[in-house]
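These protein sequences, in sequence, are chains F, H and Z. Under our numbering, think of the first position of the first sequence as 1, with each following residue one higher. Under our numbering, think of the first position of the second sequence as 290, with each following residue one higher. Under our numbering, think of the first position of the third sequence as 576, with each following residue one higher. Even glycine gets a Cβ: it sits at the ideal position worked out from N, Cα and C.
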Amino acid sequence: MAVHDRRYKPYTGETTALRSRFLVLPRYAFKDVFKSRWLVFFLGLTVLPPLIFGIMIYIRNNLDALDRLSQLGLDIGSFYSIDEGFFANFLRWQYSFAFFLTLFVGPGLVSRDLANNGLPLYLSRPISRADYVIGKLVILLTLSSAITWVAGLLLFGLNGNMTTWGWMFENARIGFAVFVGSFLWISLLALLALSLSAWVRWKVIAGFMLLAFFLVGTVVPQVINAFFRTDWGHILNAVQLVRIVTAKMLGTTPPDGPPFFACIIALAVMAGVCLLLLNRRIRAYQVVS
Amino acid sequence: MSTAATPAATPADRGLDGGLIIRQLTGILRMELGKNLLGRRAFFTYFLAFAPVPLALFWAVWPGSKEGLQGPNAAAALFAGVFPAYLAVPLYLSALLLFMSLFRAEIMEKSLHYYLLTPIRREVLVVGKYVSALIAITMTFLASTTLLYGITLMPWGLGEASQYLFRDAGLSNLVAYLGIVALGCAGYGAVFLLTGLVFKNPIIPAAVFWGWEAINIFLPTFLKKISVVHYLTSLFPIPILEGPFEIIADPTPVWVAIPGILIFTALVLALAGWKASRMEISYGDD
Amino acid sequence: MSEFTTLPPDTPSTGATAREEAISTSQAPSGSTPPTGTVTFKNVSKFYGEVLGVNRVDLVLESGIIGLVGPNGSGKTTMMNLMTGLLRPSKGRIEVLGVPTSDPIRLFPQVGYCTQWDSFPAGINGYKFVYGYLRVHGYTHAQAEQLAWEALDRVSLRDAAKRKIAGYSKGMRQRVKLAQAISHKPKVLVLDEPLNGLDPMARAEIIAVFQDLAAEGHHVIISSHILHEVDMIADQVVLLTGGYVVAEGEIGGVRTDIEEQPIQVLVRCDKPSLLASKLFESENTVEVALHDDRRGLLVRTKDANAFYLRFNNLVLEHNIRIETVAVADADVRAVYQYLIGTEGEGS
Numbered sequence: 001m002a003v004h005d006r007r008y009k010p011y012t013g014e015t016t017a018l019r020s021r022f023l024v025l026p027r028y029a030f031k032d033v034f035k036s037r038w039l040v041f042f043l044g045l046t047v048l049p050p051l052i053f054g055i056m057i058y059i060r061n062n063l064d065a066l067d068r069l070s071q072l073g074l075d076i077g078s079f080y081s082i083d084e085g086f087f088a089n090f091l092r093w094q095y096s097f098a099f100f101l102t103l104f105v106g107p108g109l110v111s112r113d114l115a116n117n118g119l120p121l122y123l124s125r126p127i128s129r130a131d132y133v134i135g136k137l138v139i140l141l142t143l144s145s146a147i148t149w150v151a152g153l154l155l156f157g158l159n160g161n162m163t164t165w166g167w168m169f170e171n172a173r174i175g176f177a178v179f180v181g182s183f184l185w186i187s188l189l190a191l192l193a194l195s196l197s198a199w200v201r202w203k204v205i206a207g208f209m210l211l212a213f214f215l216v217g218t219v220v221p222q223v224i225n226a227f228f229r230t231d232w233g234h235i236l237n238a239v240q241l242v243r244i245v246t247a248k249m250l251g252t253t254p255p256d257g258p259p260f261f262a263c264i265i266a267l268a269v270m271a272g273v274c275l276l277l278l279n280r281r282i283r284a285y286q287v288v289s
Numbered sequence: 290m291s292t293a294a295t296p297a298a299t300p301a302d303r304g305l306d307g308g309l310i311i312r313q314l315t316g317i318l319r320m321e322l323g324k325n326l327l328g329r330r331a332f333f334t335y336f337l338a339f340a341p342v343p344l345a346l347f348w349a350v351w352p353g354s355k356e357g358l359q360g361p362n363a364a365a366a367l368f369a370g371v372f373p374a375y376l377a378v379p380l381y382l383s384a385l386l387l388f389m390s391l392f393r394a395e396i397m398e399k400s401l402h403y404y405l406l407t408p409i410r411r412e413v414l415v416v417g418k419y420v421s422a423l424i425a426i427t428m429t430f431l432a433s434t435t436l437l438y439g440i441t442l443m444p445w446g447l448g449e450a451s452q453y454l455f456r457d458a459g460l461s462n463l464v465a466y467l468g469i470v471a472l473g474c475a476g477y478g479a480v481f482l483l484t485g486l487v488f489k490n491p492i493i494p495a496a497v498f499w500g501w502e503a504i505n506i507f508l509p510t511f512l513k514k515i516s517v518v519h520y521l522t523s524l525f526p527i528p529i530l531e532g533p534f535e536i537i538a539d540p541t542p543v544w545v546a547i548p549g550i551l552i553f554t555a556l557v558l559a560l561a562g563w564k565a566s567r568m569e570i571s572y573g574d575d
Numbered sequence: 576m577s578e579f580t581t582l583p584p585d586t587p588s589t590g591a592t593a594r595e596e597a598i599s600t601s602q603a604p605s606g607s608t609p610p611t612g613t614v615t616f617k618n619v620s621k622f623y624g625e626v627l628g629v630n631r632v633d634l635v636l637e638s639g640i641i642g643l644v645g646p647n648g649s650g651k652t653t654m655m656n657l658m659t660g661l662l663r664p665s666k667g668r669i670e671v672l673g674v675p676t677s678d679p680i681r682l683f684p685q686v687g688y689c690t691q692w693d694s695f696p697a698g699i700n701g702y703k704f705v706y707g708y709l710r711v712h713g714y715t716h717a718q719a720e721q722l723a724w725e726a727l728d729r730v731s732l733r734d735a736a737k738r739k740i741a742g743y744s745k746g747m748r749q750r751v752k753l754a755q756a757i758s759h760k761p762k763v764l765v766l767d768e769p770l771n772g773l774d775p776m777a778r779a780e781i782i783a784v785f786q787d788l789a790a791e792g793h794h795v796i797i798s799s800h801i802l803h804e805v806d807m808i809a810d811q812v813v814l815l816t817g818g819y820v821v822a823e824g825e826i827g828g829v830r831t832d833i834e835e836q837p838i839q840v841l842v843r844c845d846k847p848s849l850l851a852s853k854l855f856e857s858e859n860t861v862e863v864a865l866h867d868d869r870r871g872l873l874v875r876t877k878d879a880n881a882f883y884l885r886f887n888n889l890v891l892e893h894n895i896r897i898e899t900v901a902v903a904d905a906d907v908r909a910v911y912q913y914l915i916g917t918e919g920e921g922s
């Protein structure tokens, strides 16, 4: 009679490399995210501005189209030109979409794991706290990138392709500003969403906190400015700070607010606070109250 | 103890009468007022309502606060200038949290079914919950508005401030602001109660609605009327002609604005009642 | 073969018992008036989008303790939510004591529902929980107070009534839910997995409450997947699987009706080998197994009536001394296994 060894045999097959293990989180999260018809519809909406701006670039660079439109009495050349202002307008739209996208996806990312006591499960696997946070950030950053700097650089490339490659080199700062400004904005959004999500068990409440952060941050500085006759109230306004930084990098007129480096420092402080909050909350154990 | 054969004399056995509805509404108010005045969500309401107070106090004691302001009238104009911000953030967010939670929080807590298993019309339940939250938020924001108004007049001392209040337009302006706050609570409350009933994640529609309210001044007249802020700004005792919250609008007359917002509220509540009456319990994983 | 369980003597019968009559399929043509003292499902289906909840359920439930039994996802909770109006049927009609479930004003004075959700309004204590919803029923303060204390007494929670529910043990939470469900003295009490997570003491207490309520003439409808408990408590069972009602009635009766499954009979006697050899001669006998102690045998037969007739003759003919005769697979687990195809262990 054969006697078999019935002791526990651990899995000995190939495992995901440590460096890329954090990608397991987004892989499953994307599946969940795209189950929502509302989100798919919303992502469809976010494609519209790049499409419209792309058409504008095409028309602006197409002499035949310009001729035909001028015959109809539409002098497009006087309406707009493809310059820093054009991309600043584009980013304004996409920044708003990125905010709504984060509001949609972000609040549930950690709070669901908290509500279902999932954090100890995740962190008892060979996945570190940093991997967990990076994995969650990747979800938001990937989606937001697609609608901000990726779309912006595609437009930038389109215009370069339709004019001369020299235009791209001459206006390299536009491409740089589109990338850095967008990345700054979406990183801040992602960090805020994650840190708030990590502190609240219900995603609705986490979403509420995120919305409150931006509403308070947008309106209260204006009240402070009105009462105290200053522009420094905007130091609390993340939206305004990113706008100032982007405008400075693009070379357009920045909105009212503190100087460039003060904005950078304020944004860094906000990001630091978010990381601290995440560090406090993302633990392999949970305190049950 | 009576048995199944002799069940408790059930109030509903006597049919659907006004007295029963009043008793049921009282029952709901008893349950809900505690949550809305003393629960976790109440903390946020108090925080948001009174958060501007330290800022206002700081301004009032700041040596430069009176600079460039010609008496309490000018201070009242400054108050008027930032009052839309007060409506747009603390009041809006408090109303959102409180009214959205009326149904959504109970769905998340999986405790709504206790109400739905009582012999009560769902429409009555909607009204009872709405009224309880309205009482809680209105009381809080009336107190906060009065306090902020008083602090705005503080730098001019008791003499000038009371002269402005009782001999000038100060008191009537305050009453107008209090009325606006009450109507704002009613209007936003109804909207957020509905969003809490309809949407699993009411924050997205709330953000969109906020955007809609914010761009209201740029909308054509017929679209302006589908909002709460349009009617509220029409009731401002001091028009805001400049500054970040400048109102570029053709205001609706008071006699239209007040019934307008009340009718808007009633319609939204009716919709919420209809939605509640068709609601089934299937608690999700949210 | 492992040791047989000695079952209490039970007279097998193929006829319907009085209890069986208490629960019957409503095969009456649609449109006929159901009796008012019943919970009636008329061709009821419930779909969650494309997912089936329950399908084509026709049932009439009379008073007594009725167990809804089935594995997870079989439709027990859906049935309970339907009969309490928390869900609306996609098709068909449900009436509780003659009241359609769409009429909360007339329905809920008669119905109490203790759901499976272990959740309560935040920060509430046991007394306020029971009292508060009685006020929502429309009772005055004095009435609500009296009813609340009566209900809390009934589940032995008077002492803990003023403590926050959040600090209650699982058993206490289950009991306070039960108190809330019975506080307005409903005629129909619906209990979804009421014994889940309770320790043996708490189970015994709660089961006693159910039995008292049933004795008082209530409908007590209990869902469970812990089969032996339902077997112990319920007068009748409704077996569900995949959203369909697969059987209903008294457990033994249901078993007898499953004609295609051989019935198992345990016999303990002084001549098991002889009895076994004689029983094997019958063409209806499928299997005979002798017990290790040589004092008993387990017989599987396709025809119970033929078996008992032959068995009686053999006993008389060979002067066999009989200690026990019992149907070995008439318990709910066996029925469950035959009908649903699983062991019926807590799933």
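Residue i at chain F interface by Cβ criterion, 8 Å
i	result
Asn-505(H)	no
Tyr-572(H)	no
Any chain Z beta carbon closer than 8 Å to residue i
i	result
Ser-400(H)	yes
Tyr-335(H)	no
Gly-328(H)	yes
Gly-549(H)	no
Leu-309(H)	yes
Pairwise C-alpha distance: residue j and residue i
i	j	result
Asp-931(Z)	Gln-749(Z)	What the structure shows of chain Z is the stretch from 576 to 922, and residue 931(Z) is not part of that stretch, so it cannot be assessed.
Arg-870(Z)	Gly-642(Z)	36 Å
Asp-75(F)	Ala-88(F)	22 Å
Phe-179(F)	Phe-214(F)	22 Å
His-759(Z)	Pro-684(Z)	7 Å
Tyr-702(Z)	His-716(Z)	13 Å
Ala-268(F)	Leu-241(F)	11 Å
Gly-307(H)	Ala-736(Z)	32 Å
Ala-151(F)	Gly-157(F)	10 Å
Thr-46(F)	Thr-334(H)	34 Å
Trp-38(F)	Val-105(F)	11 Å
Which of helix, strand or coil DSSP assigns to residue i
i	result
Thr-690(Z)	coil
Gln-685(Z)	coil
His-4(F)	coil
Val-245(F)	helix
Val-900(Z)	strand
Gly-824(Z)	strand
Asp-806(Z)	helix
Gln-222(F)	helix
Val-517(H)	coil
8 Å Cβ cutoff, residue i in contact with chain H
i	result
Phe-695(Z)	yes
Trp-724(Z)	no
Gly-713(Z)	yes
Opposing strand residues paired with residue i [DSSP bridges]
i	result
Arg-668(Z)	Lys-617(Z)
Gln-839(Z)	Arg-875(Z)
Asn-700(Z)	Lys-739(Z)
Pro-255(F)	Pro-255(F) pairs with nothing; no bridge assigned.
Gly-476(H)	None, per the DSSP bridge assignment.
Phe-622(Z)	Leu-627(Z)
Tyr-438(H)	According to DSSP, which records beta bridges pairwise, Tyr-438(H) is partnered with nothing at all.
Ile-797(Z)	Gly-642(Z), Leu-766(Z)
Any non-hydrogen atom of the ligand ZN within 7 Å of residue i CB
i	result
Arg-663(Z)	Absent from the structure shown: the ligand ZN. Ligands present: none.
- How do the region 375-385 of chain H and the region 464-478 of chain H stand: do at least 3 beta-carbon pairs fall below 8 Å, yes or no? yes
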